[in-house]
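Read the structure below first, then the notes.
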Amino acid sequence: MTPLALAWRATRQYRARAVLAVVGVAVIGALLFDMLLLSRGLLVSFGRLLSAEGFDIRIVATQGFARIGIPESAALVEAVRRMPGVADTAAIAVEAGDAGVGAAHGHVTLIGRSRASASPWRIVRGADLVDSAPGAGCEAVVDGRFPSQFHADVGGSVRVLGLPGGASALPPIDCRIVGVADFGFSASGERTVAMTMDALQRALGTTHGADAQVILIASAAGADPNAIVRAVGRLRPDVRAYSNAEVVEQFNRNGFAYFRQISTVLSTLTTVFAFLLVATLLTVSVNQRLGEIAALRAVGIARHRIAAMLFWESALLVGGGALAAVPLGAALAVGLDRLLRQMPGLPDGLHFFVFERRALVVHLLVFGVTAAASAAYPAWLAARLPIAETLRREVVG
Amino acid sequence: MVVLAACLTVAMLAPSPGILISRQLAARAHLQVGDEVTLATEPQGGRTATFRVTGVYEPTPDPMRFTAERIEARLHLPDLVALAADGSDPGDAESIGRINVALTDPADTHAFAADLASSVPTVVVRPASDFRESDVFAVIDRFHVAISIVTVVGATAFLLALMLIRAEERRETVGVMRLIGISQRSLLSSVAIEGCAIAIVGAAFGIALALASERAINHYFQTRYDTALVFIRVTAAIAVRAVVVAAPLGVGAGIAASWTLLRRNVLSLFRR
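Protein sequences, first through last, are from chains X and V. Remember, this note's numbering sits 4 above the position in the first sequence when you count from 1. Remember, this note's numbering sits 1226 above the position in the second sequence when you count from 1.
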């Protein structure tokens, strides 16, 4: 009989404890799997949101990403557009505002976009903004929840008023809704109305062009985004340019520390917990089966086969639990992600738990090592068992 | 000319206005109280003014910004306005970002905010308690509770498995006790007491471990992020909650594991 078959028999013989051990490992394993998903989830999700915008460099006024206007942004956009390796640019201004459709009205985030080939949002219905001559009618793209909240869809119109300082006595402007879009970085409770920079200027009641707070740059295929970042730095030392990779890195350093720390701490704890408990179960189980193991040795089963049997027992318990942990962890991750996404102001498209193949591989590796380590002491105990003395003690006892 | 010269002399001899700097800034720039520093509002060093360091302060720990380096200086408002206001905009020197108000009776907060908002509609008035940072920590608290529940479920399964092994070990002892007339209720009570004791000792060990590691964990993170923020605090309420959760679980696991032995025929316990 092979060590695996012996281990399988022992596991079946002590079915209740085996099932409980597998359940315990599965629950703890699910937590470990989730912590592995959490360890990079926000970063991966944030990176995907940035990539989905279609631009790989952004210019802001200061270090960090506070909404501060970039001085002389229109001139900077024109200068950047002429740089080698730049495929497209879009200047973005964000202001607080009010929107009204009939009797429905409420606070919205107004986004102004300069002339560009593409927008940093994804159109899900209707059409995108079209660059038109200054003074032309206002066209607007709204977020997915706007139509149900304001009872206005593509083809309808909305009254928009910019409120940068909190209140305004200016009359609102009328905009025609041309499309519904997915604004990756909008929060779930936030209603968004995007328009051209010219229309935003009218909504704000300003005579001079609104200063953009972000200038997005899409580099041409084959161009080095870092070279463009350096060129922008030389052109305007008073502003900051970041590639998407740098933005993700900054997010990793500043905004993500808490979840990285908690994931490291909990991953370590759950692994230690699983090791201790499986090792304890196996050790107690071996102590209970000393007579049985001595009998197996007495009938000629070699030490290494007894040790192998115990390693297989550990592998069956830990392996079964680790495999069950994957679907259980996935379900748990959905619940925990939903819970964490209740944080106010969080972008709709940002997730804390994101599946990566790397997480699955690490999960299985950690449990493989845990299974081997858990079986080491019981196997050593069983291998050095004095056969005759144990049998005599068991029989007399 | 004499008056002008006198004014210039007085101006030159007048001490620089005082500022406070954060401990982190003092350490990084090797500054100490009494040093003169030049602050600029432009990255290239334009628009400068000279100040004298009159004190070094520990920034109030802010959980929302614990990863940020607190390189800060605090100026008197007129000094900041003189340094940073846009000269081309006369209104800029009259504008400030925020006014903090402490009420004599904190219970009036919402009424005061409503009154002020209606009488000065151009400002936004919000009670400090309404700031949404508290929502973030409420969510994180719920997240921690959810993780604790998962951990407790996993631990319960293991506890049950261990109690099952332990009950199996004592099968013959239980058989003898039943044969000499000890009632099932007494046996069950003894198992429940034993389970409860194990759970309480386990919980106490956990609390002791948490207390022992509390200082080390706080020290690690406070050094890592150069902050006075307290990351872990084992309170009496948390300790009580741990024991209150652990005790019934121990009792339940003990009873469940022994139940199979107690409801069996007594001879079968001796494999007869």
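Think of the CB as a built atom: it goes at the ideal place given N, C-alpha and C, for glycine as much as any other residue. All of these numbers come straight from a predicted model, not from anything done at the bench.
{"Asked": "The alpha helix (DSSP H) enclosing R301 of chain X, as first and last residue numbers", "Found": "294-302"}
{"Asked": "Under 7 Å between C-beta atoms of P382 of chain X and L314 of chain X", "Found": "yes"}
{"Asked": "Coil, strand or helix - E317 of chain X by DSSP", "Found": "helix"}
{"Asked": "V1282 of chain V and D1261 of chain V closer than 7 Å at C-beta", "Found": "no"}
{"Asked": "Presumed contact (8 Å Cβ cut-off) between D1305 of chain V and D1312 of chain V, rounded CB distance", "Found": "Their Cβ separation, rounded to whole angstroms, is 16 Å, which puts D1305 of chain V and D1312 of chain V out of contact at 8 Å."}
{"Asked": "CB contact flag (I32 of chain X, F277 of chain X, <7 Å)", "Found": "yes"}
{"Asked": "Environment of W384 of chain X [buried if 16+ CB atoms lie within 10 Å]", "Found": "exposed"}
{"Asked": "G1401 of chain V vs V1469 of chain V beta-carbon contact at 7 Å", "Found": "no"}
{"Asked": "Validate contact between the region 1391-1406 of chain V and the region 34-41 of chain X using beta carbons, cut 8 Å, 3 pairs", "Found": "no"}
{"Asked": "Coil, strand or helix - T200 of chain X by DSSP", "Found": "strand"}
{"Asked": "Three-way DSSP call (helix, strand, coil) for Y18 of chain X in this model", "Found": "coil"}
{"Asked": "Distance between beta carbons of I181 of chain X and D157 of chain X, contact taken as under 8 Å", "Found": "7 Å"}
{"Asked": "For G166 of chain X and R208 of chain X, believed in contact at Cβ under 8 Å, the rounded distance", "Found": "According to the sequence provided, residue 208 of chain X is Leu. The question's Arg does not apply to it. Contact holds; Cβ gap of about 4 Å."}
{"Asked": "CB contact check: R1368 of chain V to chain X, cutoff 7 Å", "Found": "yes"}
{"Asked": "Where S1242 of chain V falls: helix, strand or coil (DSSP)", "Found": "coil"}
{"Asked": "Contact set for H155 of chain X: own chain, Cβ-Cβ below 8 Å, skip 5 residues either direction", "Found": "V105, G106, A108"}
{"Asked": "R195 of chain X and V112 of chain X closer than 7 Å at C-beta", "Found": "yes"}
{"Asked": "Contacts of V1471 of chain V in chain X (Cβ-Cβ under 7 Å)", "Found": "Under the 7 Å cutoff, chain X gives no residues; its nearest Cβ is about 16 Å from V1471 of chain V."}
{"Asked": "L1234 of chain V in three-state terms, based on DSSP", "Found": "Note on L1234 of chain V: pLDDT 49, under 50, position unreliable in the model; the coordinate value appears next. Helix at L1234 of chain V."}
{"Asked": "Inter-residue Cα distance where the pair is V48 of chain X and A25 of chain X", "Found": "34 Å"}
{"Asked": "Where D102 of chain X sits in the DSSP three-state scheme", "Found": "strand"}
{"Asked": "Cutoff 7 Å: L24 of chain X Cβ touching any chain V Cβ", "Found": "yes"}
{"Asked": "Proximity below 7 Å, CB of M1389 of chain V to CB of A1483 of chain V", "Found": "yes"}
{"Asked": "4 or more residues per run - each alpha helix (DSSP H) lying fully within the region 1274-1316 of chain V", "Found": "1303-1310"}
{"Asked": "Min CB distance L1234 of chain V to chain X below 7 Å", "Found": "Since pLDDT at L1234 of chain V reaches only 49, below the 50 mark, its modelled position is unreliable, and the value read off the structure follows with that caveat. By this cut-off, L1234 of chain V is not an interface position."}
{"Asked": "Chain-ordered chain X contacts of L1488 of chain V [CB-CB under 8 Å]", "Found": "Those within 8 Å of L1488 of chain V in chain X number zero; the least Cβ separation is about 15 Å."}
{"Asked": "C-alpha distance - A1442 of chain V paired with T1293 of chain V, whole-angstrom precision", "Found": "19 Å"}
{"Asked": "Per-residue burial, Q217 of chain X [other beta carbons within 10 Å of its own, 16 or more giving buried]", "Found": "buried"}
{"Asked": "DSSP state of R240 of chain X mapped onto helix, strand, coil", "Found": "coil"}
{"Asked": "Near-chain X residues of the region 1369-1403 of chain V - C-beta to any C-beta below 9 Å", "Found": "F1369, H1370, A1372, I1373, V1376, T1377, V1379, G1380, A1381, T1382, A1383, F1384, L1385, L1386, A1387, L1388, L1390, I1391, R1392, E1394, E1395"}
{"Asked": "Among X:R301, X:L294, X:A377, the one whose alpha carbon lies nearest that of W316 of chain X", "Found": "X:A377"}
{"Asked": "Beta strand (DSSP E) segment containing A161 of chain X, residue limits", "Found": "Checking the displayed sequence, the identity of residue 161 of chain X turns out to be Ser instead of Ala. Unbroken beta strand (DSSP E) run through S161 of chain X: 161-166."}
{"Asked": "Amino acids of chain X, ordered along the chain, whose beta-carbon sits closer than 8 Å to that of V1365 of chain V", "Found": "L343, L344, Q346, M347"}
{"Asked": "Selection of the region 1326-1337 of chain V by Cβ proximity to chain X, strictly under 8 Å", "Found": "none"}
{"Asked": "G295 of chain X Cβ short of 6 Å to the ligand ADP heavy atom set", "Found": "Summarising the ligand content, the structure contains no ligands, and the ligand ADP is consequently not present."}
{"Asked": "7 Å Cβ cutoff, L42 of chain X in contact with chain V", "Found": "no"}
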